[in-house]
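This report refers to the structure that appears directly beneath it.
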Amino acid sequence: MKLVERLDYVSGYIRRMERMISPLYSATQSAVSHLFLVSSSQKMAHPHPVKVIDHFRVSPPLGSVPTTSLPLTFFDFPWLLCRPMERLFFYEFPYPTLYLTNNILPILKNSLSLTLQHFFPLASNLMCPPSPQKPYILYKDGDSIPFTVVESMLDFDQLIGDHAGVDLRELQCFVPKWPPTRVTSDDTRVVPLLALQVAVFPNSGICIGAKFCHVVADGMAFSHFMKSWASIFRSREDIACLEKSMLPSHDRSGIKDPLGLESIFTKDWWNWASSWDYDLGSTYDDQLRDKVGVTFTIGQTHMERLKDLVSIKCMENYPGQVHVSTFVVACAFTWVNMIKSQEKDASDLLDNDKVYYFVFPADCRHRPEVKLPATYFGNCLAVCYVPAKKSELLGENGIIMAAREIGKKVKELESGVFVGAEKWISKWKEVSEQGRLVTVAGSPKLRAYDTDFGWGRPKKTEVPHIYASGSFHLCECRDGGGGVEIGLALPQDQMDVFSGIFEQGKQNLI
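Per the UniProt record's numbering, the sequence shown starts with residue 1, numbered consecutively.
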């Protein structure tokens with residue numbers, strides 16, 4: 001073949017190949033562009049995603065816990081429909097990532113395994129069989145929890161600040177991913193109960209994140225677990241550091257049900273179960289997109305003056321004994337200021353006669369009709385509803401009135417924690433559908449800042465799940481000075497109003 005003919009042949013071959021490849025190239029270009037857009041949109045949602053370093057599962061030591069089935073008590077049923085709880089603990093940690101993986105991570109895993117031996121319900125599964133069978137908690141040897149290790153290049157100091165500069169969706173990067181629900185051959189739903197994650201900020205900090213189902217543990221029980229894990233870690237896996245008196249109690253036989261609450265709550269559960277989302281791993285991006293989160297502080301001096309003010313005003317305006325505590329006045333102050341921050345114009349005054357609700361859980365372990373040890377592991381909470389007219393909350397003495405009503409509800413618990421208990425679940429459905437409610441998570445009594453793994457007290461704790469719900473979180477001040485921290489998230493405009501009202505209210509106490 002002559003050179004010219006060869007060149008013509010090659011040119012023709014190239015043109016044919018171009019025609020064949022062109023559609024594929026266009027499709028590839030389109031796919032790449034689509035991937036880039038998806039990646040860009042995800043990056044916009046989470047500008048600083050974490051990098052996964054490791055992922056594994058942790059169980060109690062094999063053979064250390066027998067197969068155990070725990071029935072749900074009537075204290076557990078109200079929390080079946082609750083979204084998982086989320087808790088983040090941020091610590092100063094001036095070491096590189098390699099130091100964490102080589103020196104810290106092995107001890108964290110082993111100490112967690114030893115802790116789960118005593119807190120095995122957290123490694124269990126919630127079993128939800130078809131109606132009319134009741135849900136229950138089941139542990140089998142080898143059951144485990146997911147444990148993820150990630151690295152973040154976010155500015156640690158900025159992340160733990162109290163200002164509104166943190167994207168709330170970034171916090172979700174430090175919340176463990178929730179494992180999927182399984183369905184067995186007999187149509188039983190198998191729901192995991194705990195996931196953990198450790199995030200390292202090289203040479204600056206570390207975050208331990210937990211996500212757990214409320215049905216397995218209330219705040220008191222989960223705090224007991226975290227402090228026990230921290231104690232065993234600090235002692236370098238010496239489980240003897242947990243005194244016998246501090247081991248969790250799983251005995252549920254002492255919980256009496258004279259009012260038949262379990263039967264009532266079981267019916268309520270099955271009325272709602274058909275619409276319950278068993279996949280508890282969904283995120284809150286839509287609810288968080290337009291919100292900012294801020295942590296406010298009421299120091300001890302302001303708190304004492306607020307309590308004194310409430311006591312004096314209540315004696316002047318409301319006859320009878322009034323229960324005044326840090327929890328009561330902090331909740332009243334926050335609730336009223338949240339309602340005030342919602343007022344945009346005069347038209348908002350038209351619903352002044354509408355009833356608003358403040359809802360809080362109250363620990364019942366020490367109540368005489370319950371008599372459970374402080375170490376009882378599970379739920380032991382009464383659900384308390386405090387109604388008030390909007391006009392009363394917005395009045396001159398709104399905070400005083402709110403504190404009186406909240407204190408009155410706390411005082412009523414002394415007469416019996418089960419008064420009105422049959423409506424704990426049905427009342428929630430009624431009130432939540434109205435949308436005029438505020439709830440509180442946490443309590444200064446839980447002492448979240450006492451959770452010390454040996455790196456010192458947490459620099460900050462967060463409860464991310466409350467930011468999507470319009471609730472607020474309450475805990476003791478991180479400096480141990482006797483005040484409280486209040487965390488909440490609101491749309492930016494409303495947060496600006498709330499912040500102004502909150503700080504002005506504190507100034508008025510001086």
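No residue lacks a Cβ here, since even glycine has one placed at the ideal position from N, Cα and C.
Just to confirm before moving on: does the CB-CB distance between residue i and residue j stay below 8 Å?
i	j	result
residue 215	residue 80	yes
residue 293	residue 438	no
residue 331	residue 474	yes
residue 297	residue 477	yes
residue 199	residue 174	yes
residue 409	residue 383	no
residue 193	residue 124	yes
residue 196	residue 288	no
residue 324	residue 336	no
residue 355	residue 388	yes
residue 339	residue 291	no
residue 112	residue 191	no
residue 71	residue 252	yes
residue 146	residue 83	no
residue 487	residue 472	yes
residue 268	residue 510	no
residue 176	residue 148	yes
residue 517	residue 500	For residue 517 there is no data in the structure shown, the boundaries of the chain being 1 and 510.
Below 8 Å on the Cβ atoms is my guess for residue i versus residue j; work out the distance and round it to an integer in Å.
i	j	result
residue 301	residue 485	Rounded, the Cβ-Cβ distance is 15 Å, inconsistent with contact.
residue 259	residue 418	6 Å
residue 150	residue 51	6 Å
residue 407	residue 322	5 Å
residue 371	residue 254	7 Å
Taking the alpha-carbon positions, what's the residue i to residue j distance?
i	j	result
residue 34	residue 158	Caution applies to residue 34, whose pLDDT of 35 falls short of 50 and renders its modelled position unreliable; the model cannot decide the point.
residue 36	residue 54	Low local confidence applies: a pLDDT of 31 at residue 36 is under 50, so the model's placement there is unreliable, and no value is given.
residue 101	residue 180	27 Å
residue 307	residue 299	12 Å
residue 270	residue 134	9 Å
residue 95	residue 448	24 Å
residue 30	residue 59	Any answer about residue 30 is weak, because its pLDDT of 36 lies below 50 and its placement is not dependable; what the coordinates show is given next. Going by the C-alpha atoms only, they are around 46 Å apart.
residue 319	residue 362	25 Å
residue 366	residue 114	28 Å
residue 42	residue 412	Because the pLDDT at residue 42 is just 38, under 50, the model does not fix this residue reliably, and the point stays unresolved.
residue 305	residue 450	26 Å
residue 414	residue 171	39 Å
residue 185	residue 129	11 Å
residue 24	residue 469	Low local confidence applies: a pLDDT of 38 at residue 24 is under 50, so the model's placement there is unreliable, with the coordinate-based value given in what follows. Spanning the two alpha carbons is a distance of roughly 47 Å.
residue 505	residue 496	14 Å
residue 230	residue 453	4 Å
residue 93	residue 455	7 Å
residue 396	residue 109	54 Å
residue 493	residue 342	10 Å
residue 404	residue 241	43 Å
residue 490	residue 467	8 Å
residue 256	residue 378	15 Å
residue 511	residue 261	With the chain represented from 1 up to 510, any question about residue 511 goes unanswered, as that position is not in the structure.
residue 400	residue 314	7 Å
residue 210	residue 353	41 Å
residue 430	residue 357	11 Å
residue 234	residue 272	44 Å
residue 435	residue 85	21 Å
residue 317	residue 329	17 Å
residue 507	residue 152	38 Å
residue 465	residue 98	31 Å
residue 206	residue 463	16 Å
residue 213	residue 232	23 Å
Relative to the C-alpha of residue i, which candidate in the options has its C-alpha closest?
i	options	result
residue 90	427, 208 and 119	208
residue 441	87, 52, 77 and 73	87
residue 138	109, 68 and 212	68
residue 375	248, 203, 394 and 77	248
residue 459	444, 466, 479 and 443	479
residue 154	201, 507 and 255	201
residue 250	118, 107 and 205	118
residue 116	204, 206, 237 and 162	237
residue 189	136, 163 and 177	136
residue 263	78, 328, 432 and 508	78
residue 446	141, 227 and 106	227
residue 73	217, 303 and 432	217
residue 142	213, 244 and 66	66
residue 334	187, 144, 156 and 503	503
residue 443	222, 204 and 64	222
Quick one: does the C-beta of residue i sit closer than 7 Å to a heavy atom of the ligand NAP?
i	result
residue 418	Because no ligand of any kind appears in the structure shown, any question about the ligand NAP cannot be addressed here.
- Query: Counting only runs that start and end within the region 178-248, where is the beta strand (DSSP E) found for 3 or more residues in a row?
  - Reply: 189-192, 194-201 and 205-212
- Task: May I have a chain-ordered list of the alpha helix (DSSP H) segments no shorter than 4 residues that lie completely inside the region 325-389?
- Result: 326-341
- Could you name each continuous beta strand (DSSP E) segment of 3 residues or more that falls completely within the region 95-160, going from the start of the chain to the end? 125-128, 136-139 and 145-151
- Segments assigned beta strand (DSSP E), at least 3 residues, entirely inside the region 59-83: 68-71
- Query: Of all the beta strand (DSSP E) runs that stay within the bounds of the region 415-479, which reach a length of 3 or more residues?
  - Reply: 437-441, 460-462 and 472-476
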